[in-house]
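Everything on this sheet refers to the single structure shown next.
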Amino acid sequence: MNHPFFKSIQHFILYAGAWIMVTAIHVAVLSFFYNILITFSIIDGLIFNILFALFGLSLWYIVAYSRYNKSPMLNGIITHVTSATLLLLIWISLGDFILSLFTGNNLQYDKFLSTAIPWRVISGIFYYSILILIYYIINYYNDLQERSLNEARLNEIIRTTELDLLKSQINPHFLFNSLNSISSLTITNPIKAQEMIIKLSDFLRYSISQDSGSFVSLKKEIENAKRYLEIEQIRFGNKLQHKFNISDNCLEKLVPAMILQPLYENAVKHGVYESTEEIIINTNCVSEKGVLKIKIINNFEPEAKSREGTGMGIKNISERLKLMFQQNNLLKIYKENNTFTVELQIPQN
Amino acid sequence: MDIKAIIIEDEKPATELLLHYLKSFPEISIIGTFSDGFSGLKAINDIKPHLVFLDIQMPKLTGLEILELLEHKPAIIFTTAFNQYAVKAFEANAIDYLLKPFSSDRFANAVKKAIEKISQNQNTQPIINSAINALEPGYIKMERIAVRSGSKIQVIPVEDIYYFEADGDYVKLHTKAGNFLKEKTMKYFETHLNTSKFIRIHRTYILNVETIQRVEYYDKDSHIAVLNNNEKIKISSSGYKLLKTAINL
Chain A
1 MNHPFFKSIQ HFILYAGAWI MVTAIHVAVL SFFYNILITF SIIDGLIFNI LFALFGLSLW
61 YIVAYSRYNK SPMLNGIITH VTSATLLLLI WISLGDFILS LFTGNNLQYD KFLSTAIPWR
121 VISGIFYYSI LILIYYIINY YNDLQERSLN EARLNEIIRT TELDLLKSQI NPHFLFNSLN
181 SISSLTITNP IKAQEMIIKL SDFLRYSISQ DSGSFVSLKK EIENAKRYLE IEQIRFGNKL
241 QHKFNISDNC LEKLVPAMIL QPLYENAVKH GVYESTEEII INTNCVSEKG VLKIKIINNF
301 EPEAKSREGT GMGIKNISER LKLMFQQNNL LKIYKENNTF TVELQIPQN
Chain B
1001 MDIKAIIIED EKPATELLLH YLKSFPEISI IGTFSDGFSG LKAINDIKPH LVFLDIQMPK
1061 LTGLEILELL EHKPAIIFTT AFNQYAVKAF EANAIDYLLK PFSSDRFANA VKKAIEKISQ
1121 NQNTQPIINS AINALEPGYI KMERIAVRSG SKIQVIPVED IYYFEADGDY VKLHTKAGNF
1181 LKEKTMKYFE THLNTSKFIR IHRTYILNVE TIQRVEYYDK DSHIAVLNNN EKIKISSSGY
1241 KLLKTAINL
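In order, the protein sequence lines correspond to chains A and B.
For the record, in the first sequence the residue sitting at position 36 is 36 according to my numbering, with numbers rising by one throughout.
For the record, in the second sequence the residue sitting at position 175 is 1175 according to my numbering, with numbers rising by one throughout.
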């Protein structure tokens, strides 16, 4: 959390400049209206305003933290009343103490000091309010900027995902191998060939009709995943097994469209393509405390050294979730012995 | 002439289609079908077929890796679904391949050509080797290397290789699991390995930068790399420059 006045030297000069002006007015008021000696006026002005300027810097953190605190207004009011009271107490007593070191026994000035307290409280509240207001404005502006930046990045990702839909989600290798299987089935088992053509068509239709920024029910995503796995099953036979264990209360929950398909493709690519043994892909889903937790677990052959780098698909999904929900760690992967687990968390609002 | 053939293909429907097309070639007898790279390679060396139908993407070893490890050299027809780079190299070197899905006509053409070669006893291997060498860097993302040790085949991840050493017509791989010879050129490895991790530090050596323990000054023009296992290998002055930029010395 960068302090706005420490961001650059210009910002700091601006802050210091404002306080120099305030100090000048302060000194002028003391010497003209209260007839206080100019030296004392200057000392008074410098001490109280430098102190407030220093304390004022720390007020930023109260404002900045309140950004992460989504509590109602009341909470904010309590925070500011407390901090303003504390600040004024410390400010005035510390200021008076330091002043007394300089002034010794000047009667006229002593008298002024005791009558000045209400006046200081009022000006302190005024300074406090102005500063807090400025901080809130800066904060709001930063938020706005961050949001539009995120939006731009999300759009960028959506664009590239759309491209990926054509390039990788409907991976040409998968497509042409499926067509080759169909070509074979038309001779050996025409009924199965027809089934496969329908599955492949449904799969392609789903893949290209989903706008990657949109949400669909988990049910639809799972149906599509099943279609994909059944097509791969025709190619690989019993080597590929899948089990779905989805709680009923998950099915109608919303998830980003085409979020699961790349994960299954990843499991098939690194599990089934590289293995001679049976590969089981298990999917579990539970919905807890407003979060949908989806786990996709597959075994793999540990000796199978993958030729291609792992995880580009997974990395993309992770990035997409981060931008859509403004939250980190929504996707976790675990690799142990011979199982690979992807755990997704989809917040539901 | 009776032609012995085998099919190496990991998808059942694809295998069945080949078998179906082959029914119109009574002169070809299919000795066996194999569904992964290891068993396929073993079958070629044991059975010594005349003709092999070879898929590229397969578990254990790819079709291209099998090719590198063959002792017996049969005629080969590649079958692949989508592999634009490989296809380019095959085309440039007149290697028979079938793009899935393929028609019975195209299949018949490829098989007839292969039968011709077999009956004329042409050796097809050198062409194939040059095709593989011609594969564009970046297509073979070299992350593993299949080597032969005795009668066994080992697949070595490149990160387990300490360094490559030129050794006559071969390149010697110094690895965690011992040393292996591979019939390739230094140039081949230099172009196909990840150049931020593997540096040609000398005419004779390509070094895995991860294995460097320290670099010592040797004499006016050269340095010495001390590896984690305390082996020392020479670095030429041009190699030292490459190394310096690679590891920000």
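Virtual Cβ for every residue (Gly too), placed ideally from N, Cα, C.
Just so we're clear, the structure is a prediction, and the values are computed from it rather than from any experiment.
| query | result |
| --- | --- |
| Determine whether the Cβ of B/Q1120 lies closer than 8 Å to any Cβ atom of chain A. | no |
| Opposite B/S1149 in the DSSP bridges: which residues? | B/K1152 |
| Using DSSP with H/G/I as helix, E/B as strand and the rest coil, what is A/E265? | helix |
| State the DSSP-derived secondary structure class of A/F12, mapped to helix, strand or coil. | helix |
| What are the residues that DSSP puts in a beta bridge with A/Q241? | A/I280 |
| Taking contact to mean at least 3 C-beta pairs separated by less than 8 Å, is the segment 49-56 of chain A in contact with the segment 13-21 of chain A? | yes |
| Is B/F1082 close to chain A, meaning its C-beta is less than 8 Å from at least one C-beta of that chain? | yes |
| Go to B/A1075, then tell me how far its beta strand (DSSP E) extends in each direction, as first and last residue. | 1075-1080 |
| Could you name the residues of the same chain whose beta carbon sits closer than 7 Å to that of A/L166, not counting the 5 residues immediately before and after it, in chain order? | Because A/L166 sits at a pLDDT of 48, beneath the cut-off of 50, its placement in the model cannot be relied upon, and the point is left open. |
| Alpha carbon to alpha carbon, what distance is there between A/N282 and A/F244? | 6 Å |
| Mind pulling the chain A residues with CB within less than 8 Å of B/Q1057? | H173, Y273 |
| Rounded C-beta distance between A/N177 and B/E1016? I'm assuming under 8 Å. | That pair is no contact at about 14 Å. |
| I want to verify the contact list: residues of chain A whose CB lies under 8 Å from the CB of B/H1020, in sequence order. | S184, I187, T188 |
| Across which residues does DSSP place B/A1166 in a beta bridge pair? | B/V1171 |
| Is A/F215 helix, strand or coil by DSSP? | strand |
| In the DSSP assignment, the alpha helix (DSSP H) including A/N49 goes from what residue to what residue? | 38-66 |
| Which of helix, strand or coil does DSSP assign to A/F300? | coil |
| B/D1105 touches chain E at which residues, Cβ-Cβ below 7 Å? | Absence of chain E from the displayed structure is noted, the protein chains being A and B. |
| Can you check which of these residues, A/F102, A/L74, A/K335, A/I90, is closest to A/I43 by C-alpha distance? | A/F102 |
| Return no unless some Cβ of chain A is closer than 8 Å to the Cβ of B/E1159. | no |
| B/S1029 by DSSP, collapsed to three states: which one? | strand |
| Please classify B/T1204: does DSSP put it in a helix, a strand, or coil? | coil |
| Answer with yes or no whether the minimum CB distance from B/D1036 to chain A is below 8 Å. | yes |
| Taking the CB atoms as reference points, tell me whether B/S1222 and B/S1238 lie closer together than 8 Å. | no |
| Is the CB-CB distance between B/L1193 and B/V1215 below 8 Å? | no |
| Give a yes or no on whether 8 Å exceeds the smallest Cβ distance from A/I314 to chain B. | no |
| Check whether the Cβ of A/F176 lies closer than 8 Å to any Cβ atom in chain B. | yes |
| Using 8 Å as the limit for Cβ to Cβ distance, is A/F340 near chain B? | no |
| Grab the span of the beta strand (DSSP E) containing B/N1121 for me, first residue to last. | Here B/N1121 belongs to no beta strand (DSSP E), and DSSP marks it neither H nor E. |
| Do B/I1066 and B/I1006 have their beta-carbon atoms positioned less than 8 Å apart in this structure? | no |
| At which residues does the alpha helix (DSSP H) containing B/K1042 begin and terminate? | 1037-1047 |
| Determine contact between the segment 193-205 of chain A and the segment 132-147 of chain A, defined as no fewer than three beta-carbon pairs at a distance below 8 Å. | no |
| Determine the extent of the beta strand (DSSP E) in which B/H1223 is found, giving its start and end residues. | 1223-1227 |
| Taking buried to mean at least 16 other C-beta atoms within 10 Å of its own C-beta, is A/R227 buried or exposed? | buried |
| Any beta carbon from chain A within less than 8 Å of B/K1060's own beta carbon? | yes |
| Tell me the rounded alpha-carbon separation between A/M258 and B/A1246. | 39 Å |
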